[in-house]
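**Q**
Put into structure tokens, the structure is as follows:
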């Protein structure tokens, strides 16, 4: 903090902000309170009006929209907070905003926060437990990721307010993807999430790798979006509507052989969504993009984007493969998806073995975890696979955030993420080494961690469906996974390293602690999470 | 008459779309793309969707194409500067693209019930008044959320495009 000079208004303002820090926090809290009350009052006022536009707006408030609106408004607020010289406020505000949204989306599920006439359903968003649970996983992950970004607050060239704002906008897209009831919503959600991610991938402007990754992601993502849209058009041509109910009615009324256009549309849409969760053979962008993007946003991409994508896949596939499976189109497509699952598991796990960069290994491990998740989607049993997916996304997200937090602390400003950086970490920083170990154990699926039960539930759901071959492949590939996850642990505890001692910021410590506690708690008592929501 | 016009426009659209891909000069590609947009506009007019037709002209043929031409001139692309792909890549691309074409043609050729439903058809459905009603009643939520999409894109563009201290002026 430079001493304030009388000639420089900026410095004076700076000093001023710091002096009244407690008061400004109070103001912020008051601001949130007023904002919340204002929205409630506004929506209650709207409830009395009978005009169609306002009626629809009122429905938006009811149908689970409060969290979307809050995130959007908070994102814009964040942009304005960027004018403040005190950058810490932006971080705390973003975390507070995300936390409020988390609480609101939880309260809103039962319609207790604002009650409206449910018959005036806009029909665009689902308000069920499934979408709320996915929203919970994603918002919790976002809350864990934000504290990892403290290094941006000191970096003069970084623009944290914009980063947080775009992250919040992307969360809007992610929430839309897991709770859509109309394909338009799915498309807009995918676009919001993708465009935010393209931008954030390229946010490290002076790094050539980041630029390359952003361009690559943008081009490939645009093609995937094009395929998704093409499929959507074909599906619309066959069904005549965008709503999920209409599609489900159409599928139950028509056989696959009689409706080739709808099936082609389904396949192309599935390809478009599978691209987003980087399932093989649509995974080629993943390693380069994950490696080139700044680690913070890689963590975001490999957890939240993946959760949103798998949520969208689950909802979409359920339209074409509902119970009883014989009456739906399940027999027509499950073999194709099974091939995708096997390819994803094999390519993700086996290629990860050959990586020399820890971050690239995490990218391939992300591909392999997409395979496990897709396996549970393929099992498609209404209770056990939904439970398995919810549990797995939480376990995977928490462990991955911890892994990326550790990586960011270890790699620091170096633009490479070699395994060698981890050598001897067990002696120089035992806490960091222990938390990376726990996250690696969880990702590998060792008992007493969340990852073990995640894999167990996935395998059980697939077993229930009778796809034994898939289980065998997945168990083999999980064994391969143990090899490359343990490479890090071996490097940390058994190799001698002459790296400098690593400094860990308090934000990272908090994230790692919470993530590890969650990992172990879910590993000891998995019912904790399952009974809470499902 | 309308049927002949439909087939003429469709053939022209497909032809110009192919020419976009096949022509060597990027400026020619853009011109063919404009021709294709005009064909699409003709289709919209045939469907009595006047608003869509005009918007298609203004937004695509107008704004976006100007942007395209600007970028092409900015990059100063030359035909001889273009490096060819390695033959293996070409082979793989032809095989996979051809497979997709074969699958799509074989599937879509089986579609039988493609006649339009005449009963209950409203010829005024594409007019701007009805479009507005649909947009602000049934699709209000996605319509509003699209603004978040544009906001995110705008913030991102400003963030990425902002000149850093020490960068040169153009």
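Chains as they are written, first to last, in my numbering: chain A, 1 to 534; chain B, 535 to 704.
In this text, a Cβ means the ideal position worked out from N, Cα and C, and glycines have one as well.
Fair warning: this is a prediction, and the values are worked out from it, not measured in the lab.
(1) Of the choices 238/A, 233/A, 253/A, whose alpha-carbon is the least far from that of residue 269/A?
(2) At 8 Å on the CB atoms, spell out the chain A contacts of residue 641/B, in chain order.
(3) If you measure from the beta carbon of residue 694/B to each beta carbon in chain A, is any gap under 8 Å?
(4) For residue 418/A, list the residues DSSP reports as bridge partners.
(5) Tell me which residue opens and which closes the alpha helix (DSSP H) that residue 454/A is part of.
(6) Does residue 698/B have its Cβ less than 8 Å from a Cβ in chain A?
(7) Looking at residue 312/A: is its Cβ nearer than 8 Å to the Cβ of residue 186/A?
(8) Under a Cβ-count criterion, where at least 16 other Cβ atoms within 10 Å of its own Cβ denotes burial, should residue 365/A be classed as buried or exposed?
(9) Do residue 145/A and residue 38/A have their CB atoms nearer than 8 Å?
(10) Beta-carbon of residue 205/A versus every beta-carbon of chain B: anything under 8 Å?
(11) Quick one, which residues of the region 124-144 of chain A are near chain B if we go by CB-CB under 9 Å, in chain order?
(12) Enumerate in chain order the residues of its own chain whose CB-to-CB distance from residue 562/B is below 8 Å, with the five nearest sequence positions on each side excluded.
(13) Can you tell me the Cβ-Cβ gap for residue 328/A and residue 252/A, rounded? I've got them flagged as a contact below 8 Å.
(14) Please tell me whether, using a cut-off of 7 Å, the distance from the CB of residue 441/A to the nearest non-hydrogen atom of the ligand FAD is below it.
(15) If you reduce the DSSP assignment to three classes, tell me which class residue 535/B lands in.
(16) What's the C-alpha gap between residue 624/B and residue 275/A?
(17) Determine, using beta carbons only, whether residue 682/B comes closer than 8 Å to chain A.
(18) For the 8 Å Cβ check, are there 3 or more pairs between the region 204-218 of chain A and the region 232-251 of chain A?
(19) According to the Cβ coordinates, are residue 439/A and residue 409/A closer than 8 Å?
(20) Beta-carbon within less than 6 Å of residue 530/A's beta-carbon, same chain only, minus the 5 sequence neighbours each way: which residues are those?
(21) Report the rounded CA-to-CA distance for residue 77/A versus residue 168/A, giving the unit in angstroms.
(22) So with Cβ pairs under 8 Å, would you call residue 673/B a contact of chain A?
(23) How about residue 685/B: is its C-beta nearer than 8 Å to some C-beta of chain A?
(24) Please check if any C-beta of chain B sits within less than 8 Å of the C-beta of residue 116/A.
(25) In angstroms with no decimal places, state the Cα-to-Cα distance between residue 160/A and residue 693/B.
(26) Considering only the beta carbon of each residue, do residue 605/A and residue 74/A sit closer than 8 Å?
(27) So for residue 180/A, helix, strand or coil by DSSP?
(28) Can you tell me whether DSSP reads residue 124/A as helix, strand or coil?
(29) Tell whether a beta-carbon distance below 8 Å holds between residue 450/A and residue 399/A.
(30) Quick one: is residue 676/B near chain A, going by C-beta distance under 8 Å?
**A** Taking the geometry as given:
(1) The residue you call residue 269/A lines up with position 269 of the first chain. When only C-alpha atoms are compared, the closest one is 233/A.
(2) Taking the first residue of the second chain as 1, we reach residue 641/B at position 107. For the C-beta of residue 641/B, the chain A residues within less than 8 Å are, from N- to C-terminus, 260, 261, 263, 264.
(3) Taking the second chain and counting its residues from 1, the one referred to as residue 694/B is at position 160. Answer yes: the Cβ-Cβ gap between residue 694/B and chain A drops below 8 Å somewhere.
(4) For this step, residue 418/A is matched to residue 418 along the first chain. Beta bridge pairing from DSSP links residue 418/A with 357/A.
(5) Here the question's residue 454/A lines up with position 454 in the first chain. That run of the alpha helix (DSSP H) goes 450-465.
(6) Here residue 698/B refers to the residue found at position 164 of the second chain. Interface residue, yes.
(7) Here the question's residue 312/A lines up with position 312 in the first chain. Here the question's residue 186/A lines up with position 186 in the first chain. Result yes, Cβ atoms of residue 312/A and residue 186/A sit closer than 8 Å.
(8) For the purposes of this step, residue 365/A is taken as the residue at position 365 of the first chain. Per the 10 Å Cβ criterion, buried.
(9) In the first chain, counting from the first residue as 1, residue 145/A sits at position 145. In the first chain, counting from the first residue as 1, residue 38/A sits at position 38. Their beta carbons are not under 8 Å apart, which means residue 145/A does not touch residue 38/A by this criterion.
(10) Taking the first residue of the first chain as 1, we reach residue 205/A at position 205. So yes, residue 205/A belongs to the interface.
(11) Going along the region 124-144 of chain A in chain order, one finds 124, 125 with a Cβ nearer than 9 Å to chain B.
(12) Here residue 562/B refers to the residue found at position 28 when the second chain is read from its first residue. Within the same chain, and ignoring the five residues on either side of residue 562/B in sequence, the residues whose Cβ sits closer than 8 Å to its Cβ are 553.
(13) Translated into positions along the first chain, residue 328/A becomes position 328. Translated into positions along the first chain, residue 252/A becomes position 252. 7 Å between Cβ atoms; contact.
(14) The model depicted lacks the ligand FAD and carries no ligand whatsoever.
(15) Translated into positions along the second chain, residue 535/B becomes position 1. Of the three classes helix, strand and coil, the one that applies to residue 535/B here is coil, per DSSP.
(16) Position 90 of the second chain, counting from 1, holds the residue named residue 624/B. Position 275 of the first chain, counting from 1, holds the residue named residue 275/A. The alpha-carbon atoms of residue 624/B and residue 275/A are separated by roughly 23 Å.
(17) In the second chain, counting from the first residue as 1, residue 682/B sits at position 148. Interface with chain A (8 Å Cβ-Cβ cutoff): residue 682/B is included.
(18) Flag = no, the region 204-218 of chain A and the region 232-251 of chain A do not touch.
(19) Mapped onto the first chain, residue 439/A falls at position 439. Mapped onto the first chain, residue 409/A falls at position 409. Here residue 439/A is not near residue 409/A, since their CB atoms are 8 Å or more apart.
(20) Within the first chain, residue 530/A is the residue found at index 530, counting from 1. Contacts found: 387.
(21) Here residue 77/A is taken as the residue at index 77 of the first chain, counted from 1. Here residue 168/A is taken as the residue at index 168 of the first chain, counted from 1. Annotation: residue 77/A to residue 168/A spans about 11 Å, alpha carbon to alpha carbon.
(22) Mapped onto the second chain, residue 673/B falls at position 139. At least one chain A Cβ lies under 8 Å of residue 673/B.
(23) Within the second chain, numbered from 1, the residue matching residue 685/B stands at position 151. Output row for residue 685/B: interface = yes.
(24) As a first step, residue 116/A must be located in the first chain, where it is residue number 116. Residue placement at residue 116/A cannot be trusted, given a pLDDT of 40 that sits under 50; what the coordinates show is reported in the next sentence. Chain B contact via Cβ: absent.
(25) Within the first chain, numbered from 1, the residue matching residue 160/A stands at position 160. Within the second chain, numbered from 1, the residue matching residue 693/B stands at position 159. Whole-angstrom Cα-Cα distance: 10 Å.
(26) One cannot answer for residue 605/A here, as it falls past the ends of chain A, which runs 1 to 534.
(27) The residue given as residue 180/A occupies position 180 in the first chain. Looking at residue 180/A - three-state DSSP - the assignment turns out to be strand.
(28) Your numbering for residue 124/A matches position 124 in the first chain. Here residue 124/A sits in coil by DSSP.
(29) Position 450 of the first chain, counted from the first residue, corresponds to residue 450/A. Position 399 of the first chain, counted from the first residue, corresponds to residue 399/A. Yes, the Cβ-Cβ distance between residue 450/A and residue 399/A is below 8 Å.
(30) As a first step, residue 676/B must be located in the second chain, where it is residue number 142. Contacts with chain A at 8 Å (Cβ-Cβ) include residue 676/B.
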